[in-house]
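Encoded as structure tokens, the structure appears first; notes follow it.
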Amino acid sequence: MKFNCRFMIYAISTALVLTSSAGLMFDIHLIETPRNSTKQERHCKDLGYDGLAVISTPETFLYALKLTEYSRNVLDQGAYIGAHYRPDVGLTMWDDDTIPTTDAPFANRPPKADPTTPYGRLHEGGHIIMADGVRKRYALCGYYKSSASESSGETLDGQLQTTMKTILSVSKVFSYMECAVLCGMVIECRAAELNSDLLTCTVIGDYTSSGYTANAKVKTYVRHNF
Ligand SMILES: *[C@@H]1O[C@H](CO)[C@@H](O)[C@H](O)[C@H]1NC(C)=O
209 MKFNCRFMIY AISTALVLTS SAGLMFDIHL IETPRNSTKQ ERHCKDLGYD
259 GLAVISTPET FLYALKLTEY SRNVLDQGAY IGAHYRPDVG LTMWDDDTIP
309 TTDAPFANRP PKADPTTPYG RLHEGGHIIM ADGVRKRYAL CGYYKSSASE
359 SSGETLDGQL QTTMKTILSV SKVFSYMECA VLCGMVIECR AAELNSDLLT
409 CTVIGDYTSS GYTANAKVKT YVRHNF
């Protein structure tokens, strides 16, 4: 009985994620004509995209990896993406004006902030590097607004044990689904815990896990990671 119930919730949330995957969230387009970085950005805008793709969440990043699997592995082609060094703040940021999360898969963490390599690129090897943008390469185009609306993850009937964790928010909710959806709305969210007694949802950012303990009152949504 208990198992069925858990499975059902998981099935519903998976269905939601699958439905939305086909929609806004993964509206990323691979440009297979090599151009330099500025020309690719221009080209994305000409096609009606906001610009180069912002791949700031684990889900979008994994999707970008899949989309470029052939070009990276077989053609040895990386792709320009929507991350730039911003001289005004001295930081590398996503083009939707968000700051990369601490676990974002840049070759350097935090990402290199160097005026001579201001252009972000998904490297053939599957990580993000900052480059001079001069060479002609493929690119990923996308929209900025939709990058942080959904997530995919797994359900634990219990509580994460952590040696370190960042609590991003605690709020009242009515259901586990609502708690999982809350997590998907926050770029930094990596897990969310529903306490079904108190009906509170704790949205968790960076954490270091040391396992989990079964707890009938706590259900945890563990977001898929980078
Ligand atoms: C790309 O090429 C154009 C002209 O061909 C040039 O104006 C622009 O600076 C180049 N961008 C980069 C990043 O090299």
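Heads up, our numbering is the position in the sequence shown plus 208, with the first residue counted as 1. For every residue, glycine included, the Cβ atom is placed at its ideal position computed from N, Cα and C.
Taking DSSP as the reference, what is the three-state secondary structure of Phe215? Unreliable positioning characterises Phe215 in this predicted model, as indicated by a pLDDT of 42, which lies under 50. A coordinate reading is not provided.
With a threshold of 16 other CB atoms inside 10 Å of the CB of Gly231, please say whether the residue is buried or exposed. Annotation note: pLDDT 39 at Gly231 (below 50); position unreliable, coordinate value reported separately. It counts as exposed.
Going by C-alpha to C-alpha distance, which of Arg317, Val426 and Ala287 sits closest to Ile435? In the structure as shown, the chain begins at 209 and stops at 434. Residue 435 is therefore absent and cannot be evaluated.
Looking at Asn244 and ligand 1, is the gap between the Cβ and the nearest heavy atom below 8 angstroms? yes
For Arg243 and Thr408, the rounded distance between their alpha carbons: 50 angstroms
Once the 5 residues before and after Lys344 are set aside, which same chain residues still bring their CB inside 7 angstroms of it? Pro242, Arg243 and Asn244
Going by other Cβ atoms of all chains shown within 10 Å of its Cβ, with 16 needed for buried, is Glu249 buried or exposed? buried
Could you pull out every residue in the same chain whose Cβ sits closer than 7 angstroms to the Cβ of Met372, ignoring the five residues on either side in sequence? Tyr415 and Thr416
Judging by CA-CA distance, which residue of Trp302, Glu386 and Glu358 is the nearest neighbour of His432? Glu358
Could you tell me the alpha carbon to alpha carbon distance between Tyr257 and Ala424, rounded to whole angstroms? 46 angstroms
From Glu401 to Met393, what distance separates their C-alpha atoms? 15 angstroms
Note down, in chain order, each residue of its chain lying with its Cβ closer than 6 angstroms to the Cβ of Tyr271, except the 5 sequence neighbours on either side. Phe234
Pro326 and Asp303 - do their beta-carbons sit closer together than 9 angstroms? no
Hey, how far is the Cα of Val282 from the Cα of Gly366? 43 angstroms
Less than 9 angstroms between the C-beta atoms of Tyr346 and Thr300, yes or no? no
Provide the residue(s) that pair with Ala291 in DSSP beta bridges, ordered along the chain. Trp302
With a threshold of 8 angstroms, establish whether the CB of Lys247 neighbours any heavy atom of ligand 3. With respect to ligand 3, the structure shown offers nothing to examine, as its ligands consist of ligand 1.
For Arg294 versus Glu332, is the C-beta distance shorter than 9 angstroms? no
Quick one: residues in its chain with C-beta nearer than 7 angstroms to the C-beta of Cys387, no 5 flanking neighbours on either side, listed in chain order? Val381, Ala400, Leu402, Cys409 and Tyr429
Helix, strand or coil for Thr363? Go by DSSP, reduced to three states. strand
Taking the DSSP output, what are the residues bridged to Cys397? None; Cys397 has no bridge partner.
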